[in-house]
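First up is the structure itself, then whatever we jot down about it.
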Amino acid sequence: MKKVKKYIITYILMIILFFIMLFITSLIPREVIKPNIKKSADILFNDGEFFKIPTFGKEINSDISTDAIMLNIVYSMDDSNRIESIMKNRRNYIPEKTQIVIPDVVGDLHHEGERYLMTKELKDTANDIELKSYEYARYWHGYIIILRPLLIFFDVIEIRIILQITILLALLIMLYYIYKNVNLKIASLILICFIAMDLLTWILTIQGNFVMIIAIITSIFVANKKITDKNFSLVLFIVGGITAYLDFLTTPLITFLLPIVIFNLVNNDKTDCKTVLINFIKRAFAWGLGYFLTWAIKWGLCDLLYGTGIIENSIEQFLYRVGITSKYKFKNNIVVASLKFNIIAGAANILNILIILLMYPIILKNIVLNGKKYFFSPNKIVYYISAVLPILWYILIAEHSMHHYFFTYKTMLITLISIVLIICDNKLEKPKED
């Protein structure tokens, strides 16, 4: 009962803090960020909806339309009605000018048969051209608390650079603690996994980077052993809530799986299979509870305050994303489609091929030296489950996985790291020969 009380208090304080941060950020006048919004809108519009990144004779698309949506929502906040803006999260909204506001609906981000380029929507809104406004109330859009202050001083390119530097520095710190508490070989292999998953490509856009920052920063504290077995579940509960708050449903699972894989790596408990499995389930439940309760409170408050019908809408949207009410079904080979971008962007890149080939001798050496019994030790259970969960996530969120394969592929980073650790994380003492 004491533990339940702790979770309830943590949840209440977390939600209050989320609202306070959004409200404080909303106090920044719209006119203050307008110059950098206009500059950013021109940059994104000139780039188009997608970057074209040449790699090994091919061109890959890196989604930036979501960046335009995010900046649009940040700019569309109404200084005269901040609470409603925080709850409804409109885009294309010009206070005292916009006449038509369309509620959050199921499906894609364009309605009534109309299709606008998101970059053009942002540019028109930044230039005070009246458009239909659309609500996006089912998300928290907590990234507003980061982007709105940054837009006072920086444009979209500069913000991307700030986020890129943050990720790279955080990653290096995490790898240092893995080197310190495990060894250099494992730290090097994890770095190779990040590079092999095209780290330098997926940090080119704003969207998705917040999830990686959450995952890596949490893993820094895990790798440095600041997070113990006693408080790990509560930490994951908070991390799940922060993920729902900041994320745009890009690769949320990574904020659970990366810390839990690193926790297993640095602690490497010599315990039995049952205990390992029970601990994993408890921690997964804690993260999932924080994640889904944070979503749910936003829906409930929207309905309570504004009668938006967002709870029913969000359930319908979930069914749509799962593929039950859309054309995307399991029979359409979801996993292959979800991995499509990674095959093109990662495996087709010469540098990544060389890196992966350099990794194979290390893996083969461990197979030969350590023997098959090391693939089935209790401490490897976490890696086996973590390797499979991204695939199960793709299957569960079928429509989302297929429609947004150009960023959902990032979750496979955990599968790659887990497979490497199954083979190479052998800190258990070798059994004596009879």
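Per the working numbering, the sequence shown starts with residue 115, numbered consecutively.
Each residue gets a CB set at the ideal place from its N, CA and C atoms; glycine is no exception.
For residue i, three-class secondary structure by DSSP
i                 : result
valine 215        : strand
aspartate 361     : coil
glutamate 57      : The chain is shown only over 115 to 548; residue 57 falls outside these bounds and no answer can be derived.
methionine 191    : coil
lysine 340        : coil
tyrosine 257      : coil
serine 515        : helix
isoleucine 243    : coil
glutamate 93      : It is not possible to answer for residue 93, since the shown part of the chain is limited to 115 through 548.
lysine 119        : helix
leucine 127       : helix
serine 491        : coil
leucine 231       : coil
phenylalanine 455 : At phenylalanine 455 the pLDDT is 47, less than 50, meaning the model places this residue with poor confidence; the figure from the coordinates comes in the next sentence. If DSSP states are grouped into helix, strand and coil, phenylalanine 455 belongs with the helices.
threonine 422     : coil
phenylalanine 133 : helix
proline 143       : coil
serine 532        : helix
isoleucine 537    : helix
isoleucine 79     : No information on residue 79 is available, as it lies outside the stretch 115 to 548 that the chain covers here.
asparagine 345    : coil
phenylalanine 159 : helix
isoleucine 266    : coil
glutamate 226     : Summary for glutamate 226: the model assigns pLDDT 47, below 50, so the residue's position carries little reliability; its value from the coordinates is reported in the next sentence. Three-state result, glutamate 226: coil.
phenylalanine 444 : Its pLDDT being 44, under 50, phenylalanine 444 is placed unreliably by the model, and the measurement read from it follows with that caveat. Reduced to three states, the DSSP call for phenylalanine 444 is helix.
Integer-rounded CB distance, given that residue j should sit under 8 Å from residue i
i              : j                 : result
arginine 274   : serine 247        : Not quite, the Cβ-Cβ distance comes to about 26 Å (not below 8 Å), so this is no contact.
aspartate 161  : isoleucine 183    : Wrong, their Cβ atoms sit about 15 Å apart, outside the cutoff.
threonine 239  : isoleucine 208    : 7 Å
threonine 124  : phenylalanine 267 : So it is not a contact: roughly 33 Å between Cβ atoms.
asparagine 186 : leucine 265       : With 8 Å as the limit, asparagine 186 and leucine 265 do not qualify as a contact, their Cβ atoms being about 12 Å apart.
tryptophan 401 : valine 353        : 6 Å
methionine 128 : glycine 355       : 5 Å
lysine 524     : methionine 311    : 7 Å
lysine 120     : leucine 348       : 7 Å
threonine 357  : threonine 369     : 5 Å
threonine 495  : valine 336        : The sequence as given places isoleucine at residue 495; threonine does not occur at that position. Their Cβ separation, rounded to whole angstroms, is 18 Å, which puts isoleucine 495 and valine 336 out of contact at 8 Å.
methionine 201 : leucine 415       : 7 Å
leucine 158    : valine 270        : 6 Å
cysteine 307   : isoleucine 531    : 5 Å
valine 534     : leucine 303       : 5 Å
asparagine 235 : asparagine 206    : This sequence places glutamate at residue 235; asparagine is not what is there. Yes, they are in contact, since the Cβ atoms of glutamate 235 and asparagine 206 sit about 6 Å apart, within 8 Å.
arginine 144   : aspartate 193     : 5 Å
asparagine 493 : asparagine 382    : 5 Å
leucine 379    : isoleucine 300    : 7 Å
One or two residues paired with residue i in a DSSP bridge
i            : result
arginine 205 : Tyr248
> At which residue ranges does the segment 279-338 contain complete alpha helix (DSSP H) runs of 4 or more residues, listed in the order of the chain?
Replying inline: Correct list: 298-310, 313-316 and 323-337.
> Between the segment 287-301 and the segment 518-527, do three or more beta carbon pairs fall short of 8 Å?
Replying inline: Counting Cβ pairs under 8 Å, fewer than three are found: no touch.
> Any contact of the segment 319-330 with the segment 359-366, i.e. 3+ C-beta pairs under 8 Å?
Replying inline: Here the segment 319-330 makes contact with the segment 359-366; the two share three or more CB pairs at distances below 8 Å.
>> Check whether the segment 311-320 and the segment 329-341 touch, using three or more Cβ-Cβ pairs below 8 Å as the test.
In response: No: fewer than three Cβ pairs fall under 8 Å.
>> I'd like the ranges of any alpha helix (DSSP H) spanning at least 4 consecutive residues and lying wholly in the segment 365-417.
In response: Positions of the alpha helix (DSSP H) runs, each at least 4 residues long and wholly inside the segment 365-417, are given as 368-381 in order along the chain.
>> With a threshold of 8 Å, are at least 3 pairs of Cβ atoms found where one atom belongs to the segment 497-505 and the other to the segment 276-284?
In response: Judged by pairs of C-beta atoms under 8 Å, the segment 497-505 does not touch the segment 276-284, as fewer than three such pairs exist.
> Contact between the segment 136-143 and the segment 186-196: three or more CB pairs below 8 Å?
Replying inline: The segment 136-143 vs the segment 186-196: in contact.
>> Using a Cβ distance threshold of 8 Å, determine whether the segment 363-377 contacts the segment 416-424, with at least three qualifying pairs required.
In response: No, the segment 363-377 does not touch the segment 416-424.
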